[in-house]
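Enquirer: There's a structure below that I have some questions on.
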Amino acid sequence: MIPDINFFDFVLYHTSMNGEVYNVTLAALLKFVFILALSVVAARVLTVYLRRSLQDRVSKDVLEAVIKLLYYGTLGVVFISILPLIGLDPSGLLLAGGVAGIVIGFASQNIVGNLVSGFFLMIERPIKIGDQVDVNGISGYVSDIRVISTLVRTYDGLLVRIPNEQVFTTNITNLVGHPVRRFEYTVGIRYSDDADAAIRIIKDLIDKEPFALQNPAPSVFVNDLGDSSVNISVRVWSPVSEWFGLKTRLLWVIKKTLEENGIEVPFPQRVLHFEVEDKKRPQIIEDIKEAEEIENVLNHEERTLY
Amino acid sequence: MYGYHDLPVDVEEEGISISMERVGERWVYRRKFEDEEVEKIILGTEKCLIINPVEPLNTPKEITPNLLIEFEKMLLLGAGEKQQIFLTFPVEIGIFISEKTNKSLEILDVLSLVKQKFTLYGEVSNGVVCKYWKSRVYTSPPSLNPLEEGVMELTLRNTSSEWVKISKAVFNAYGMKLYYDGDVFMKARMDILNKNSAETSFELLSPDGERKGALLKDRRARKEAFGIYGLRKLGLVPLKFYMGWGL
Chain X
1 MIPDINFFDF VLYHTSMNGE VYNVTLAALL KFVFILALSV VAARVLTVYL RRSLQDRVSK
61 DVLEAVIKLL YYGTLGVVFI SILPLIGLDP SGLLLAGGVA GIVIGFASQN IVGNLVSGFF
121 LMIERPIKIG DQVDVNGISG YVSDIRVIST LVRTYDGLLV RIPNEQVFTT NITNLVGHPV
181 RRFEYTVGIR YSDDADAAIR IIKDLIDKEP FALQNPAPSV FVNDLGDSSV NISVRVWSPV
241 SEWFGLKTRL LWVIKKTLEE NGIEVPFPQR VLHFEVEDKK RPQIIEDIKE AEEIENVLNH
301 EERTLY
Chain R
1 MYGYHDLPVD VEEEGISISM ERVGERWVYR RKFEDEEVEK IILGTEKCLI INPVEPLNTP
61 KEITPNLLIE FEKMLLLGAG EKQQIFLTFP VEIGIFISEK TNKSLEILDV LSLVKQKFTL
121 YGEVSNGVVC KYWKSRVYTS PPSLNPLEEG VMELTLRNTS SEWVKISKAV FNAYGMKLYY
181 DGDVFMKARM DILNKNSAET SFELLSPDGE RKGALLKDRR ARKEAFGIYG LRKLGLVPLK
241 FYMGWGL
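Protein chains in written order, with my numbering: chain X, 1 to 306; chain R, 1 to 247.
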């Protein structure tokens, strides 16, 4: 005679909940695993649906934060609510979790530090996914802000993982934190050139550039009388998204246009005065005069050689 | 140039050359303006080309949905007053391709004949980048080249209890409605809340696009232009612009 064995009713272990003995059967354990697996699938389907339907309407960083919160929140709630199936009392778990948390916290300070820093990064939001940042000398695009670490894609395409504690406690430069950004050039012209004309030409070129902002207004002015050149400062504001393109394009345009108008960027120059015997002096003076005519530029660093 | 064009088409105006010719089972779109040349291939046969003015926020690159119009001269408006003025705004020419059967539209090309400039409205730390345009203030609609500039009828309403100085108006492209016929037209309002803030929005013309306020003999119907922003599936975007950084 074959005994009537129901494997699903097979008691795996006993636990105590609210003062009563609770038998955890194989069926209850399978049910626990099945519900957990189902909730993982459901949470994934939900996140995929949300990502597809909201990607055009919500910024990427907010969307990712919301999706992560929903995903882990759903799993957490489901997990806690099905704990009685395997004979665990959620309230007891929370208490035990609290004590365990302190113990684990002391044991793994770095991980907890990163976790807490990640939490504060998400609240304070000094950086967002997609921002261009400089964190501790690492520059690039923020590709993800995770619970423990932040991922940065450098400009040359490398993926750098920075622990959140480091991100939170170091200086962060957000290169796109404001809508506009300024860049500056110093353009040197010869002393014999008309600085007013050069300023006018540069201002015209800036005016023709759509992404050189009307307000804050650009400023072009003589900033320094250098050793070999009159130095003109050019300061231009641009939308942060167009800043790099404009900065790399405009300088060469200024240089070419100035040259087309007869204004040149001088080389460093130095005038040498030679002290020679009297009979040779007239000839040398003639030579120097000739040289000055060719290089009709004032020079400022003089040195007498003996 | 504006309007519906059956294919093949070849139009030329103000130095712009737009053509669409059939090559086998497809259409080839070509546009030339100054040094710029655009060529695209459209598959399928039953198509139609629509050229109309679009929101001036797409060239040289779409980086903002906001348009700032600076007035050439500052305006002063008394408390509680309501006045109507006319401004100019830059026009961009939008070229759309459409199915003849179901009228579904897709933007093919956008170009502009006027100078492009951007500006910042507000502070460096939290302002907004806007397309920039400087306009004279008119008391009646000026006559303009419709390929370059349009006329904006702006109703200013001072809801505050003090005089206000107005030197600019900022508009949001979402909600911008352009109409065209011999001219390009849009109608907007600016509700001034106090000396430093106002709210701007666009108003629709009557269903037949009639020019309101014009003499009866001068009335004519304007067509509503297809907008690039209007083609997009919008979520919760504000159709008004709140000017909180000064007027």
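Virtual Cβ for every residue (Gly too), placed ideally from N, Cα, C.
Mapping the DSSP letters down to three states, classify Asn231 of chain X as helix, strand or coil.
Expert: Translated into positions along the first sequence, residue 231 of chain X becomes position 231. Note: Asn231 of chain X maps to strand in three-state DSSP.
Enquirer: Buried or exposed: where does Trp252 of chain X fall if 16 or more other Cβ atoms within 10 Å of its Cβ makes it buried?
Expert: As a first step, residue 252 of chain X must be located in the first sequence, where it is residue number 252. When all chains shown are included, Trp252 of chain X counts as exposed.
Enquirer: Which residues of chain X have a Cβ atom closer than 7 Å to the Cβ of Lys117 of chain R, listed in chain order?
Expert: If you number the second sequence from 1, residue 117 of chain R lands on position 117. Neighbours of Lys117 of chain R on chain X, chain order: Pro210 and Gln214.
Enquirer: Is the CB-CB distance between Ser143 of chain X and Leu159 of chain X below 9 Å?
Expert: Walking along the first sequence from the start, residue 143 of chain X turns up at place 143. Walking along the first sequence from the start, residue 159 of chain X turns up at place 159. Their beta carbons are under 9 Å apart, which means Ser143 of chain X touches Leu159 of chain X by this criterion.
Enquirer: Return the bridge partner residues of Ile42 of chain R from the DSSP annotation.
Expert: Looking up residue 42 of chain R in the second sequence gives position 42. According to DSSP, which records beta bridges pairwise, Ile42 of chain R is partnered with R:Trp27.
Enquirer: Is the shortest distance between the beta-carbon of Tyr121 of chain R and the beta-carbons of chain X less than 9 Å?
Expert: Taking the first residue of the second sequence as position 1, residue 121 of chain R is located at position 121. So, interface residue.
Enquirer: Do you know offhand how far Phe267 of chain X's Cα is from Glu13 of chain R's?
Expert: As a working note, residue 267 of chain X is residue 267 in the first sequence. As a working note, residue 13 of chain R is residue 13 in the second sequence. Cα to Cα, Phe267 of chain X sits roughly 49 Å from Glu13 of chain R.
Enquirer: Pick from X:Asp89, X:Lys203 and X:Pro218: whose alpha carbon is nearest that of Thr257 of chain X?
Expert: By one-based count along the first sequence, residue 257 of chain X stands at place 257. Checking every option, the nearest Cα to that of Thr257 of chain X belongs to X:Lys203.
Enquirer: For Asn136 of chain X, which option in X:Ile172, X:Val116, X:Tyr155 and X:Leu151 has the closest C-alpha, if you only look at C-alpha atoms?
Expert: What you label residue 136 of chain X is simply residue 136 of the first sequence in a count that begins at 1. Comparing Cα positions, the closest option is X:Ile172.
Enquirer: With DSSP as the reference, label Asn145 of chain R as helix, strand or coil.
Expert: Translated into positions along the second sequence, residue 145 of chain R becomes position 145. Asn145 of chain R falls in the coil class under three-state DSSP.
Enquirer: Assuming Asn164 of chain X contacts Ser117 of chain X under a Cβ cut-off of 8 Å, what Cβ separation, rounded to an integer in Å, is found between them?
Expert: The count along the first sequence starts at 1 and reaches residue 164 of chain X at position 164. The count along the first sequence starts at 1 and reaches residue 117 of chain X at position 117. That belief holds up - the Cβ atoms of Asn164 of chain X and Ser117 of chain X are roughly 4 Å apart, short of 8 Å.
Enquirer: Considering Val21 of chain X, what are the terminal residues of the beta strand (DSSP E) in which it resides?
Expert: As a position in the first sequence, residue 21 of chain X is number 21, starting the count at 1. Taken as a continuous stretch (DSSP letters only), the beta strand (DSSP E) holding Val21 of chain X covers Glu20 to Thr25.
Enquirer: Report the rounded CA-to-CA distance for Phe96 of chain R versus Glu106 of chain R, giving the unit in angstroms.
Expert: Translated into positions along the second sequence, residue 96 of chain R becomes position 96. Translated into positions along the second sequence, residue 106 of chain R becomes position 106. Between Phe96 of chain R and Glu106 of chain R, the C-alpha separation is close to 6 Å.
Enquirer: Would Leu239 of chain R and Asn158 of chain R qualify as a contact pair, given that the criterion is a beta-carbon distance under 9 Å?
Expert: Position 239 of the second sequence holds residue 239 of chain R. Position 158 of the second sequence holds residue 158 of chain R. No, the pair does not count as a contact, with Cβ atoms beyond the cut-off.
Enquirer: Is Phe119 of chain X buried or exposed, if buried means 16 or more other CB atoms sit within 10 Å of its CB?
Expert: By 1-based counting over the first sequence, the position of residue 119 of chain X is 119. By the 10 Å Cβ count, Phe119 of chain X comes out exposed.
Enquirer: Could you tell me the distance, in whole angstroms, from the CA atom of Val11 of chain R to the CA atom of Leu57 of chain R?
Expert: For the purposes of this step, residue 11 of chain R is taken as residue 11 along the second sequence, with counting starting at 1. For the purposes of this step, residue 57 of chain R is taken as residue 57 along the second sequence, with counting starting at 1. Spanning the two alpha carbons is a distance of roughly 24 Å.
Enquirer: Have a look at the DSSP bridge pairing and note the partners of Val133 of chain X.
Expert: Against the first sequence, residue 133 of chain X aligns to sequence position 133. Answer is X:Gly140 and X:Asn174.
Enquirer: Beta strand (DSSP E) containing Gly246 of chain R: first to last residue?
Expert: Sequence index remark: in the second sequence, residue 246 of chain R carries index 246 (1-based). Premise fails: Gly246 of chain R is in no beta strand (DSSP E) and is neither H nor E.
Enquirer: Output needed in chain order: residues of the segment 127 to 151 of chain R with a Cβ under 7 Å from some Cβ in chain X.
Expert: Flagged, chain order: Gly127, Val128, Val129 and Tyr132.
Enquirer: Just curious, the alpha helix (DSSP H) that Phe244 of chain X is in, first and last residue?
Expert: On the first sequence, position 244 is the one that residue 244 of chain X refers to. Start and end: Trp243 to Glu260.
Enquirer: Any beta-carbon of chain X closer than 9 Å to the one on Ile228 of chain R?
Expert: Taking the first residue of the second sequence as position 1, residue 228 of chain R is located at position 228. Chain X, which has no Cβ nearer than 9 Å to the Cβ of Ile228 of chain R, makes this no.
Enquirer: Could you pull out every residue in the same chain whose Cβ sits closer than 6 Å to the Cβ of Gly213 of chain R, ignoring the five residues on either side in sequence?
Expert: Working through the second sequence from its first residue, we reach residue 213 of chain R at position 213. Low confidence applies here, because Gly213 of chain R scores a pLDDT of 48, under 50, leaving its location unreliable and the question unanswered by this model.
Enquirer: Taking C-beta pairs closer than 9 Å, name the residues in chain X that Val124 of chain R reaches, listed in chain order.
Expert: Stepping through the second sequence from its first residue, residue 124 of chain R is reached at position 124. Within chain X, the residues near Val124 of chain R are His178, Pro179, Val180, Arg181, Arg182, Pro216 and Trp237.
Enquirer: Ignore the nearest five residues each way along the sequence and tell me which others in Val54 of chain R's own chain have a CB closer than 6 Å to its CB.
Expert: Indexing the second sequence from 1 puts residue 54 of chain R at position 54. Excluding residues within five positions, the ones whose Cβ falls inside 6 Å are Glu92, Gly94, Gly227 and Ile228.
Enquirer: Can you tell me whether Arg211 of chain R is buried or exposed? The criterion is at least 16 other CB atoms within 10 Å of its CB, across all chains shown.
Expert: Within the second sequence, residue 211 of chain R is the residue found at index 211, counting from 1. Residue placement at Arg211 of chain R is flagged as unreliable, the pLDDT there being 49, under the threshold of 50; the coordinate-derived value follows with that caveat. Arg211 of chain R comes out buried.
Enquirer: Can you confirm whether the segment 183 to 201 of chain R touches the segment 103 to 121 of chain R when touching is taken to mean that 3 or more C-beta pairs between the two stretches lie within less than 8 Å?
Expert: With the cut-off at 8 Å, the segment 103 to 121 of chain R and the segment 183 to 201 of chain R do not touch.
Enquirer: Give every residue of the same chain whose Cβ lies closer than 6 Å to the Cβ of Asn174 of chain X, excluding the five residues on either side of it in the sequence, and list them in chain order.
Expert: Your numbering for residue 174 of chain X matches position 174 in the first sequence. Here the set comprises Ile127, Asp131 and Val133.
Enquirer: Apart from the five residues on each side of it in sequence, which residues of its chain come closer than 6 Å, Cβ to Cβ, to Ser17 of chain R?
Expert: Looking up residue 17 of chain R in the second sequence gives position 17. Only Lys32 meet the Cβ criterion.
Enquirer: Which same chain residues end up closer than 7 Å to Ala169 of chain R when comparing Cβ atoms and leaving out the 5 residues on each side of it in sequence?
Expert: As a working mapping, residue 169 of chain R is identified with position 169 in the second sequence. Contacts found: Ile69, Leu154, Met190 and Thr200.
Enquirer: Terminal residues of the continuous beta strand (DSSP E) containing Thr248 of chain R?
Expert: The displayed coordinates of chain R run from 1 to 247. Any statement about residue 248 of chain R would go beyond what the structure contains.
Enquirer: Compute the distance between the beta-carbons of Ile82 of chain X and Phe32 of chain X, then report whether it is under 9 Å.
Expert: In the first sequence, counting from the first residue as 1, residue 82 of chain X sits at position 82. In the first sequence, counting from the first residue as 1, residue 32 of chain X sits at position 32. Yes, these two residues count as a Cβ contact at 9 Å.
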